[in-house]
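Trainee:
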């Protein structure tokens with residue numbers, strides 16, 4: 030076991046006299062995060078690498094300690110990087126963590142990873158809701174709020190849909206459908222990872238490693254599916270299609286049934302497509318706003334819009350035509 034006591038200086042910086050080398054991991058996913066570093070320590074046989082994560086306060090460390098000590102033991106066969114050392118110094122305002130290094134693995138967006146990831150969801154979706162704190166929250170509006178937002182501004186969203194070649198008849202049928210729900214989407218509540226996209230999945234040679242659990246929350250059973258399958262973003266191409274989506278839903282259902290006897294409702298696949306459709310239309314409005322305000326490169330936003338167009342079409346075909 031490595032002694033990390035001399036790896037980090039009292040000021041919270043890596044000790045260059047005790048480590049062999051270090052590199053900054055530049056691809057940060059969230060604005061406001063401090064940089065991550067990979068560093069190496071010499072052993073008797075080779076160099077061993079670790080991840081150094083400084084933080085701005087104690088909140089991420091307290092969360093990680095809770096997650097590793099309380100939640101990980103409840104999730105058999107779910108692999109996440111192990112926390113090896115940490116410091117919380119409220120007096121000197123120094124906070125950091127050291128993790129095991131899984132390796133430099135490029136995120137994968139293929140069918141194999143998504144199906145494997147969908148099956149893993151069945152493990153934490155069967156946890157009691159009280160397993161996590163009741164004050165956790167999503168970084169996006171919940172489905173009921175999103176659906177109500179669409180219904181409050183039908184003409185605006187209808188125009189957006191017309192611009193991506195959805196017919197007036199389809200638009201009318203869609204809004205008739207969600208209006209009949211009276212603002213409540215039919216969905217089981219589960220413990221959700223909360224940010225379950227392919228950048229948070231590392232597919233090693235023998236297992237799937239799941240990163241970044243800080244958005245864990247109680248949400249719809251479909252939320253983890255949506256972030257995994259259909260949440261188009263300017264950060265990357267999601268590369269999804271109808272076949273992968275349906276196989277992921279089926280594989281999840283089979284795995285959760287195997288683990289706990291859970292049986293999917295007859296409308297499970299249909300309801301997911303409706304769920305994805307609602308969120309995707311809402312995100313389409315965000316893209317329109319980003320294009321107008323030039324928040325990202327136009328080419329990237331147009332790609333995101335094109336992906337949303339494909340997702341909306343495939344989900345409409347299921348919701349309106351049962352195709």
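Residue numbers (our numbering): 30 to 352.
Built from N, CA and C at the ideal position, the CB exists for glycine as well.
1. Mapping DSSP to helix, strand and coil, what is residue 108?
2. Could you check how far apart the C-beta atoms of residue 307 and residue 179 are, in whole angstroms? I think they sit under 8 Å.
3. Please classify residue 281: does DSSP put it in a helix, a strand, or coil?
4. How should residue 168 be labelled, buried or exposed, when 16 other C-beta atoms within 10 angstroms of its C-beta is the threshold for buried?
5. Give every residue of the same chain whose Cβ lies closer than 7 Å to the Cβ of residue 236, excluding the five residues on either side of it in the sequence, and list them in chain order.
6. Please say whether residue 79 and residue 123 have beta carbons closer to each other than 8 Å?
7. Suppose you measure from the CA of residue 341 to the CA of residue 165; what does that come to, to the nearest Å?
8. Starting from residue 221, follow the beta strand (DSSP E) in both directions and report where the run begins and ends.
9. Identify which residue in 63, 199, 121, 328 has its Cα closest to the Cα of residue 265.
10. Taking only the alpha-carbon atoms, compute the straight-line gap between residue 203 and residue 325 and give it to the nearest angstrom.
11. Would you mind listing the alpha helix (DSSP H) stretches within the region 171–202 that are 4+ residues and don't spill past its ends, in chain order?
12. Can you check which of these residues, 146, 291, 338, is closest to residue 222 by C-alpha distance?
13. To the nearest angstrom, how far is the alpha carbon of residue 70 from that of residue 93?
14. Looking only at C-alpha atoms, which of 129, 185, 86, 200 sits nearest to residue 121?
15. Is the CB-CB distance between residue 140 and residue 273 below 8 Å?
16. Could you say which of 246, 176, 331 lies nearest to residue 305 if we only look at CA atoms?
17. Assuming residue 50 is part of the beta strand (DSSP E), what are its boundary residues?
18. Which ranges would you report for the alpha helix (DSSP H) in the region 272–351 if only whole runs of at least 4 residues count?
19. What residues are listed by DSSP as bridge partners for residue 114?
20. Flag this pair as yes or no: are the beta carbons of residue 336 and residue 261 separated by less than 8 Å?
21. Which value, in whole angstroms, describes the spacing of the CA atoms of residue 173 and residue 285?
22. With a Cβ-Cβ cutoff of 8 Å, do residue 82 and residue 65 count as a contact?
23. How would you call residue 59, buried or exposed, if buried means at least 16 neighbouring beta carbons within 10 angstroms?
24. Apart from the five residues on each side of it in sequence, which residues of its chain come closer than 7 Å, Cβ to Cβ, to residue 156?
25. Could you pull the start and end residues of the beta strand (DSSP E) that residue 69 belongs to?
26. Sort 254, 115, 244 by Cα distance to residue 269 and report the nearest one.
Mentor: According to the data block:
1. As a working mapping, residue 108 is identified with position 79 in the chain shown. Three-state result, residue 108: strand.
2. Counting from 1 along the chain shown, the entry for residue 307 is found at position 278. Counting from 1 along the chain shown, the entry for residue 179 is found at position 150. By a beta-carbon distance limit of 8 Å, residue 307 contacts residue 179. Their separation comes to about 7 Å.
3. For the purposes of this step, residue 281 is identified with residue 252 of the chain shown, where counting begins at 1. DSSP places residue 281 in helix when its eight states are reduced to three.
4. As a working note, residue 168 is residue 139 in the chain shown. Burial call: exposed.
5. Position 207 of the chain shown, counted from the first residue, corresponds to residue 236. Beyond the five residues adjoining it in sequence on each side, residue 236 comes within less than 7 Å, by CB distance, of 108 in the same chain, given in chain order.
6. To locate residue 123, count along the chain shown from 1; it is residue 94. To locate residue 79, count along the chain shown from 1; it is residue 50. Residue 79 sits away from residue 123, with the two beta carbons spaced by 8 Å or more.
7. By one-based count along the chain shown, residue 341 stands at place 312. By one-based count along the chain shown, residue 165 stands at place 136. Between residue 341 and residue 165, the C-alpha separation is close to 29 Å.
8. For the purposes of this step, residue 221 is identified with residue 192 of the chain shown, where counting begins at 1. In the DSSP annotation of this structure, the continuous segment of the beta strand (DSSP E) that includes residue 221 starts and ends at 218–221.
9. Numbered from its first residue, the chain shown carries residue 265 at position 236. Nearest C-alpha to residue 265: 328.
10. Working through the chain shown from its first residue, we reach residue 203 at position 174. Working through the chain shown from its first residue, we reach residue 325 at position 296. Between residue 203 and residue 325, the C-alpha separation is close to 30 Å.
11. Runs of the alpha helix (DSSP H) inside the region 171–202: 172–181, 183–191.
12. The residue given as residue 222 occupies position 193 in the chain shown. Considering only 146, 291, 338, the residue with the shortest C-alpha distance to residue 222 is 146.
13. Numbered from 1 along the chain shown, position 41 holds the residue referred to as residue 70. Numbered from 1 along the chain shown, position 64 holds the residue referred to as residue 93. Spanning the two alpha carbons is a distance of roughly 24 Å.
14. Indexing the chain shown from 1 puts residue 121 at position 92. The shortest C-alpha separation from residue 121 is found at 86.
15. Sequence index remark: in the chain shown, residue 140 carries index 111 (1-based). Sequence index remark: in the chain shown, residue 273 carries index 244 (1-based). Annotated as proximal: residue 140 and residue 273, with beta-carbon spacing under 8 Å.
16. Working through the chain shown from its first residue, we reach residue 305 at position 276. Among 246, 176, 331, the Cα nearest to that of residue 305 belongs to 176.
17. The sequence position of residue 50 within the chain shown is 21, counting from 1. Start and end: 50–54.
18. Runs of the alpha helix (DSSP H) lying entirely within the region 272–351, each at least 4 residues long, are 297–322, 327–350 in chain order.
19. In the chain shown, the residue the question calls residue 114 occupies position 85. In DSSP, residue 114 forms a bridge with 127.
20. Counted from its first residue, the chain shown places residue 336 at position 307. Counted from its first residue, the chain shown places residue 261 at position 232. In this structure, residue 261 lies closer than 8 Å to residue 336 by Cβ.
21. What you label residue 173 is simply residue 144 of the chain shown in a count that begins at 1. What you label residue 285 is simply residue 256 of the chain shown in a count that begins at 1. Answer to the nearest angstrom: the Cα atoms are 25 Å apart.
22. For this step, residue 82 is matched to residue 53 along the chain shown. For this step, residue 65 is matched to residue 36 along the chain shown. Less than 8 Å divides the Cβ of residue 82 from the Cβ of residue 65.
23. Mapped onto the chain shown, residue 59 falls at position 30. In this predicted model, residue 59 has a pLDDT of only 45, less than 50, meaning its place in the structure is not dependable enough to derive any value.
24. Counted from its first residue, the chain shown places residue 156 at position 127. Taken in chain order, the residues that qualify are 103, 220.
25. One-based indexing of the chain shown puts residue 69 at position 40. Segment 65–71, the beta strand (DSSP E) holding residue 69.
26. The count along the chain shown starts at 1 and reaches residue 269 at position 240. Ranking the options by Cα distance to residue 269, first place goes to 254.
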